[in-house]
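Trainee:
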Amino acid sequence: MKDKRILYVSSEVVPYLPENEVSQASFDTPKMINDLGGQIRIFMPRYGSINERRHQLHEVIRLSGMNLVINDMDMPLIIKVASIPKERIQVYFIDNDDYFKRKGTFGDEADTLYHDNDERAIFFVKGVVETIKKLNWVPDVIHVQGWMASLLPLYMKKYYNNESIFADTKIITSIFEAGFDGKLSENMFEKVAFDEFNEEDITSLKEATFINIMKNAINHSDGIVISSKEISEDLTNYIQNSNKPFLPFDAKEKMKDFYPEFYLHKV
Numbered sequence: 001m002k003d004k005r006i007l008y009v010s011s012e013v014v015p016y017l018p019e020n021e022v023s024q025a026s027f028d029t030p031k032m033i034n035d036l037g038g039q040i041r042i043f044m045p046r047y048g049s050i051n052e053r054r055h056q057l058h059e060v061i062r063l064s065g066m067n068l069v070i071n072d073m074d075m076p077l078i079i080k081v082a083s084i085p086k087e088r089i090q091v092y093f094i095d096n097d098d099y100f101k102r103k104g105t106f107g108d109e110a111d112t113l114y115h116d117n118d119e120r121a122i123f124f125v126k127g128v129v130e131t132i133k134k135l136n137w138v139p140d141v142i143h144v145q146g147w148m149a150s151l152l153p154l155y156m157k158k159y160y161n162n163e164s165i166f167a168d169t170k171i172i173t174s175i176f177e178a179g180f181d182g183k184l185s186e187n188m189f190e191k192v193a194f195d196e197f198n199e200e201d202i203t204s205l206k207e208a209t210f211i212n213i214m215k216n217a218i219n220h221s222d223g224i225v226i227s228s229k230e231i232s233e234d235l236t237n238y239i240q241n242s243n244k245p246f247l248p249f250d251a252k253e254k255m256k257d258f259y260p261e262f263y264l265h266k267v
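Quick note: our numbering has the sequence shown finishing at residue 267, numbered continuously throughout.
(1) Would you list, in sequence order, the uninterrupted alpha helix (DSSP H) runs of no fewer than 4 residues that lie entirely inside the segment 158-224?
(2) Thr173: which of Ile94, Gly38 and Leu154 sits nearest, CA to CA?
(3) Assuming Ile213 and Trp147 form a contact by the criterion Cβ under 8 Å, report the distance between their Cβ atoms to the nearest whole angstrom.
(4) Buried or exposed, going by whether 16 or more other CB atoms sit within 10 Å of the CB of Gly223?
(5) Does Tyr259 come out as helix, strand or coil in the three-state DSSP assignment?
(6) If you follow the beta strand (DSSP E) that Gln145 is part of, which residue opens it and which one closes it?
(7) Distance, Cα to Cα, Arg102 vs Leu235?
(8) By a C-beta neighbour count over all protein chains shown, 10 Å radius and 16 as the cutoff for buried, is Gln145 buried or exposed?
(9) Closest to Lys244 by C-alpha separation, out of Asp140, Glu130 and Lys266, would be which residue?
(10) For the beta strand (DSSP E) containing Arg5, list its first residue and its last residue.
(11) In terms of residues, what are the limits of the alpha helix (DSSP H) holding Lys240?
(12) For the alpha helix (DSSP H) containing Asn34, name the first residue and the last one.
(13) What are the boundary residues of the alpha helix (DSSP H) that Leu113 is part of?
(14) Can you find a C-beta in chain D that's less than 8 Å from the C-beta of Ile78?
(15) One question on the structure: do Ser26 and Tyr47 come within less than 8 Å of each other, judged by their Cβ atoms?
(16) What's the gap between the Cα of Ile202 and the Cα of Asn216?
(17) Quick one: Cα of Ala178 to Cα of Ser221, how far?
(18) Among Ile132, Lys80 and Lys158, which residue has its Cα nearest to the Cα of Phe269?
(19) When the Cα atoms are used, what is the spatial distance from Leu68 to His55?
(20) On the criterion of 16 or more Cβ atoms from any shown chain inside 10 Å, does His143 qualify as buried, or is it exposed?
(21) Determine the extent of the alpha helix (DSSP H) in which Arg62 is found, giving its start and end residues.
(22) Tell me the DSSP secondary structure of Tyr155 in three-state form.
(23) Which residue's Cα is closest to the Cα of Leu264: Ile171, Ser242 and Ile175?
(24) Please classify Phe249: is it buried, with 16 or more other beta-carbons within 10 angstroms of its beta-carbon, or exposed?
(25) At what residues does the beta strand (DSSP E) containing Arg41 begin and finish?
(26) Please report the distance separating the alpha-carbon of Phe123 from that of Ile70.
(27) Could you spell out where the alpha helix (DSSP H) holding Asp97 opens and where it closes?
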């Protein structure tokens, strides 16, 4: 893995958010690749619950200031950065006061999903790609972890498909059991369609369930990692029928035995 560039785009990452299957994997996997000599960077949203002083976040002025168009609205992009203590791992935070200042991660105190999670997801993935372009740091592999990041394969393959710097970049998506109930939004399809995708590329988003959003990510990924011991039978069958290379679930202690080969030779 020496000198290979791996970009991790994650919904949640330890130690910035509480430990769960997604946030822990979003720490363990990059740490493993970092320890093996890979060049890594992590991107995640800057949720309002993240204590900027404790985690020593600071704004990167040269990367901030751009406006991203989300559903015909100009939304300012703020980029902050921090380092995970003792790991020499840099984490970039995608921020916007309208989308991420609130204290909840995905929903309010009653666990009701925020009505604009679809817009937050679009803003997040666009912010990641635009920031990578400004950094001029071209990843060999992008590894997507968590549903808030799951639109990135679609945008990379269809929206940013003419960006020559990403011509050789491969995209891997982790599939977790953890998702959400119901629909992300009643009109997510229309909001994504504003970015002029072909309808066949986003048909699954007309019914914006967790399963359908992950199916869209699978459709536009070069490889899949099954990151939970148990995922739905529907997603299991979809992965198997996709003809995409996939890495079955295994204990994290064995990751270093399988991930480098998968990154470098299977996708």
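The beta-carbon is built from N, C-alpha and C at its ideal position, and this holds for glycine as well.
Mentor: So, from the listed chains and residues:
(1) Those alpha helix (DSSP H) runs which fall completely within the segment 158-224 and span 4+ residues are 188-193, 199-202 and 210-219.
(2) Nearest in C-alpha terms to Thr173, of all of Ile94, Gly38 and Leu154, is Leu154.
(3) About 6 Å; that satisfies the 8 Å criterion.
(4) So Gly223 ends up on the buried side.
(5) Note: Tyr259 maps to helix in three-state DSSP.
(6) Val141 to Gln145 is the extent of the beta strand (DSSP E) around Gln145.
(7) Distance between the alpha carbons of Arg102 and Leu235 is about 31 Å.
(8) Classification of Gln145: buried, given that the 10 Å Cβ count is 16 or more.
(9) Of the listed residues, the one whose Cα sits closest to Lys244 is Lys266.
(10) Boundaries of the beta strand (DSSP E) around Arg5: Arg5 to Ser10.
(11) Note that residue 240 is Gln in the sequence shown, not Lys. From DSSP, the alpha helix (DSSP H) with Gln240 extends over Glu233 to Asn241.
(12) Where Asn34 is concerned, the enclosing alpha helix (DSSP H) stretches over Glu21 to Asp35.
(13) That residue, Leu113, is in no alpha helix (DSSP H); it is neither H nor E in DSSP.
(14) The chain inventory of the structure shown lacks chain D, comprising one protein chain alone.
(15) Contact flag unset, no.
(16) Straight-line Cα distance between these residues: approximately 7 Å.
(17) Counting only the Cα atoms, Ser221 lies some 19 Å from Ala178.
(18) Any answer about residue 269 is impossible in this case: the structure gives the chain only from 1 up to 267.
(19) Cα-Cα distance, rounded: 26 Å.
(20) It is buried - the Cβ of His143 has at least 16 other Cβ atoms within 10 Å.
(21) From DSSP, Arg62 is part of no alpha helix (DSSP H); its letter is neither H nor E.
(22) Of the three classes helix, strand and coil, the one that applies to Tyr155 here is helix, per DSSP.
(23) Residue Ile171 is the option with its Cα nearest to Leu264.
(24) Looking at its Cβ environment, which holds fewer than 16 other Cβ atoms inside 10 Å, Phe249 is exposed.
(25) Run containing Arg41: Gln39 to Pro45, per the beta strand (DSSP E) assignment.
(26) The C-alpha of Ile70 is placed about 7 Å away from the C-alpha of Phe123.
(27) For Asp97, the uninterrupted alpha helix (DSSP H) segment begins and ends at Asp97 to Phe100.
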